[in-house]
Structures are given as C-alpha cells and as structure tokens.
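Read left to right, the sequence shown gives residues 1 to 407 (UniProt numbering).
Notes follow the structure.
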Amino acid sequence: MKQHQGYIYIATTLDTKSDELFYVCDLIKETGLSVRTVDLTTQPTQLKRDADVSAQTVASFHPAGVEAVFCGDRGRAIEAMSLAFSLYLNAQTDVAAILGLGGSGGTALITPAMQALPVGIPKLMVSTMASGDTSGYVGASDISMMYSVTDVSGLNVISRKVLKNAANQIAGSIYFNREDKVDDVSKPAIALTMFGVTTPCVQQLTEQLESQYDCLVFHATGSGGKAMEKLIDSHLLHSVLDITTTEVCDHLFGGVLACDDDRFGAIARTQTPCVLSCGALDMVNFGRPSTVPDHYRHRLFYNHNAQVTLMRTTKEENQQMGRWIANKLNRCEGEVRFIIPTAGFSALDIEGAQFWDPEADQAFIDALTENLITTEKRKLILSPYHINSLEFCEQVIQLHQDILNNK
1 MKQHQGYIYI ATTLDTKSDE LFYVCDLIKE TGLSVRTVDL TTQPTQLKRD
51 ADVSAQTVAS FHPAGVEAVF CGDRGRAIEA MSLAFSLYLN AQTDVAAILG
101 LGGSGGTALI TPAMQALPVG IPKLMVSTMA SGDTSGYVGA SDISMMYSVT
151 DVSGLNVISR KVLKNAANQI AGSIYFNRED KVDDVSKPAI ALTMFGVTTP
201 CVQQLTEQLE SQYDCLVFHA TGSGGKAMEK LIDSHLLHSV LDITTTEVCD
251 HLFGGVLACD DDRFGAIART QTPCVLSCGA LDMVNFGRPS TVPDHYRHRL
301 FYNHNAQVTL MRTTKEENQQ MGRWIANKLN RCEGEVRFII PTAGFSALDI
351 EGAQFWDPEA DQAFIDALTE NLITTEKRKL ILSPYHINSL EFCEQVIQLH
401 QDILNNK
C-alpha cells in the first residue's frame, strides 16, 4: 500500500457529534490512512470518548487564553473557538486533509480554519447549511460542501450513507492523489482577471503568454478577485495582469459582484509585480431588473442576460473609483503599472455601443492621474486603444515584461 504523509484531521463538537466523528474516523482508518480527531466543544461536558486533540488544547491557542473560549456565552464561544482552531490548524505541519462535521454553529466554527489553509489541501465540510448560500463558508478557498440531508445529530440510515460518502471522498482525495509529473518543470503561474466584456483582451493575452506561463484566469465576480488575492498572499503567483477591476464598481455602489475593501491589498503586502487596467469599470452589476435598487431606477441599463442587469457608471462615480484605486495603489511598493485604454473600458464602452461615454471615462482618468503617486516602480500609462484591441494587448505584454525585468 502506498505510504502517505500527514493526517486527515476530523473536526467537530464532540459533545453532540461523537458517534458521527468516530464512525467517519473508523471508515477512514480502514483505508490505511492516518487520522487525527479534534474536539471543538465550547462548554464543559462529560464526553463518551476523547478525541486525539482536546477542546482545551485547541482553546489554548486563542490569544486571550482558554477563558475566552469557555466563557459561557454560546455565540462568543463559537467565535472564539473558531479563531483558536484557525491558529491551531495553522501551527500544524502534518495536515494532509481536513473533514468537518457540523450544523450551523459547527460550520461557522470550522470553515474559517479551512479557509486559512493553502489551496490544494483537501477540505470537506459535511453540513446542514450546504444546501443554501455557502459563499460565507467557502469564501475564496477550495472547500467542498456536502449537504448532510438529515441533521448531524446521531447515526441513522441516511446519515450513515452520507457520512460514508464523505469518508470515502476525503480518503480518496489523499489515497488516489498522485504527484503531478509536470510539477518540477511547470511554468511560472500568472493571474489574469476577466469579465465577459473583456474576454477578447484576456484571450489574446493568454494566447501570447501561455507558451511561457501557466495562465490562471479569474472571473471578476467578487469571489474571483478574492480567490486570486488569496493566491497572491500565498506567494503562488509569479505576476499579475489585473486587467478587469470591475469588482470595485460593485463594492462602492452596491452591486452584486463586489470585492471587499482589501482589493489590491495582496499586491501591496507581497509586492508581486502587477499590470492593472480599468476593465469593465464602466458598469455596476445587478441581478434581474426587479432587483435594481429604487434609487437607481432612472439610470442607463443594459440587460446582459435574464439574470444580469448592468448599470452604466457616471462621471461622479468614476471620479470616486479613480480616487479609491489610486489610494490603494499608493500603498504598493513593488513593480506596478496601470494602463488606461482611453478608447473604451469594455465591449459596451466603445463608440456606437450602449455604454460609450467618453466624459465619464475621462472623469476616471483625471481622478486616477491626480491621485496616483507615480514613482520609478509605480507608473501610469495612457493608451490610445480600446481594451479589447490587439494593440492594447501588445502594450500590456510589453509592460508585463518590463515589470519582470525590473523585479
């Protein structure tokens, strides 16, 4: 049998889910893999059986000590144990995979620790919450969510089937994992951000770069940008072509595909070489037309499809975005180039198209120019071309080469 390094960590609150934990534990051990059970109980309880790692041990990792976890208030205790578990798990060097079992409280407790683990470590959460909106639990990580069907509260004919599938899935992710034979000779990974209205640009870039680089394209949907920045923070990217920064529009003006306030923060923290542009900064994203907030009803819209409504940004909004982005980029000390395609920011922002508005675009250009502090490493470039033109892409390629030469 192939030998595997590390342990599959199984985490749950042992006071209520002891049977489930040890059922899954035994199933995984039958495959020959090593298991480490972790108790995350937040209140004093007489347990049927102890875990390999006690709740007391995990709680001791909280910066304020175990008292912060065993405080008697359920909400505060879950939040504190979640932090302690994240710190505990981050301190371990033998995590091959992690399996969590929980209801709403357990899922909220366990998944932040999963999110903090590097991409690629298998993460599976069996949860009663997996049938709804799981974005808050998954974040920008590669967590797999499995709906428990019945509550995670005892073993029965349904829960045994679900838990057996979970055990087999997490074991299979380790047992059948084979080292990628191209890892040793893999090309440097670079990130590119794309939207439907900037697809021609990014496709041209990848076609020109893929012979030298492993091109990772991220859909600029809020979660896409966060996923990219998680990889930047993990130092897994050689460089970044952040062409489509449209998530900023939604963040500032209430759209549904928003980044958070830390957009561009990973570039600043890691000084990863980066070429940026203003792809799709001419639009804010909403769902169906009926979901658009009332105070925007008088605005210019374009129905991208039945589920996506795009709103054209105004001069005032573009000025605000220019200032916001400049303030973020002023914190970046690494090689940064921001190139503006003055002939249009998206497929809709071109002469004759629905969102063509040179004055609004110029408002962004002026605000960014006035507020960005340019240095030898931080530069602003004005391009006379449209973002989806071949000429613009060739300029981006040259800028990318420049930042790598100066790295």
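Backbone N, C-alpha and C fix where the C-beta goes; we use that ideal spot for every residue, glycine too.
Residues bridged to residue i [DSSP beta-bridge criterion]
| i | result |
| --- | --- |
| LYS379 | ARG337 |
| PHE218 | THR193 |
| ALA11 | VAL38, GLY100 |
| VAL256 | BP columns for VAL256 are empty, so no partner. |
| LEU127 | In the sequence as displayed, the identity of residue 127 is Ser instead of Leu. DSSP, once it has assigned bridges, lists GLY102, TYR147 as partnering SER127. |
| SER239 | ILE190 |
| LEU276 | ASP242, PHE338 |
| MET283 | ARG312 |
| ASN305 | VAL308 |
Top-ranked residue by Cα proximity to residue i, from the options
| i | options | result |
| --- | --- | --- |
| LEU124 | ALA96, GLU370, VAL58 | ALA96 |
| THR369 | ARG331, ALA326, LEU99 | ALA326 |
| ALA280 | LYS377, GLU316, VAL248 | VAL248 |
| MET129 | PRO118, SER141, VAL149 | VAL149 |
| GLU229 | PRO200, ALA80, HIS251, CYS259 | CYS259 |
| THR246 | SER239, LEU237, LEU257 | LEU257 |
| LEU192 | ILE397, ASN405, ASN406 | ILE397 |
| residue 409 | LEU21, ASP357, ALA167, GLN320 | Outside the displayed span of the chain (1 to 407) sits residue 409, for which this structure offers no information. |
| SER234 | VAL217, ASP250, THR93, THR272 | THR272 |
| GLN395 | LYS407, ARG337, ALA77 | ARG337 |
| PHE313 | ALA360, THR37, THR93 | A quick correction: the sequence has Thr, not Phe, at residue 313. Checked all of ALA360, THR37, THR93; the closest Cα to THR313 is ALA360. |
Euclidean distance between Cα positions of residue i and residue j
| i | j | result |
| --- | --- | --- |
| SER211 | SER277 | 23 Å |
| THR16 | ASP39 | 10 Å |
| residue 429 | THR309 | Nothing in the structure corresponds to residue 429, since the chain is present only between 1 and 407. |
| GLY222 | GLU376 | 31 Å |
| TRP324 | ILE170 | 43 Å |
| ILE61 | ALA116 | Correcting the residue identity first, residue 61 is Phe in this sequence and not Ile. Approximately 15 Å, taken between the alpha carbons. |
| LEU205 | ASP242 | 12 Å |
| ARG297 | LEU390 | 36 Å |
| CYS71 | ALA77 | 6 Å |
| MET145 | GLY139 | 12 Å |
| HIS219 | GLY225 | 7 Å |
| VAL152 | ARG36 | 20 Å |
| GLU79 | PRO44 | 17 Å |
Close-in-space but distant-in-sequence residues of the same chain around residue i (CB under 8 Å, 5 per side omitted)
| i | result |
| --- | --- |
| ASP214 | SER186, LYS187, PRO188, ALA189, ILE190 |
Beta-carbon proximity list for residue i, same chain, < 6 Å, skipping 5 on both sides
| i | result |
| --- | --- |
| ARG299 | MET311 |
| THR13 | LEU40, THR41, GLY106 |
| MET1 | Per-residue confidence for MET1 stands at a pLDDT of 36, beneath the threshold of 50, marking its modelled position as unreliable; no derived number is given. |
Beta-carbon proximity list for residue i, same chain, < 7 Å, skipping 5 on both sides
| i | result |
| --- | --- |
| VAL182 | Reliability fails at VAL182, whose pLDDT of 42 lies under 50, so the model's placement of it is uncertain and the value that follows must be treated cautiously. Correct list: empty, nothing qualifies. |
| ASP184 | Any answer about ASP184 is weak, because its pLDDT of 44 lies below 50 and its placement is not dependable; what the coordinates show is given next. No residues qualify anywhere along the chain. |
| PRO341 | SER277, SER383, TYR385, HIS386, ILE387, PHE392 |
| HIS400 | SER239, LEU241, VAL275 |
The stretch 373–388 touching the stretch 344–352, judged by at least three CB pairs closer than 8 Å: yes
Stretch pair the stretch 297–317 + the stretch 260–270: three plus CB contacts closer than 8 Å: no
Stretch pair the stretch 121–139 + the stretch 95–112: three plus CB contacts closer than 8 Å: yes
Segment contact flag, the stretch 37–57 with the stretch 132–151, C-beta cutoff 8 Å, min 3 pairs: no
At least 3 beta-carbon pairs within less than 8 Å: the stretch 194–201 vs the stretch 110–120: no
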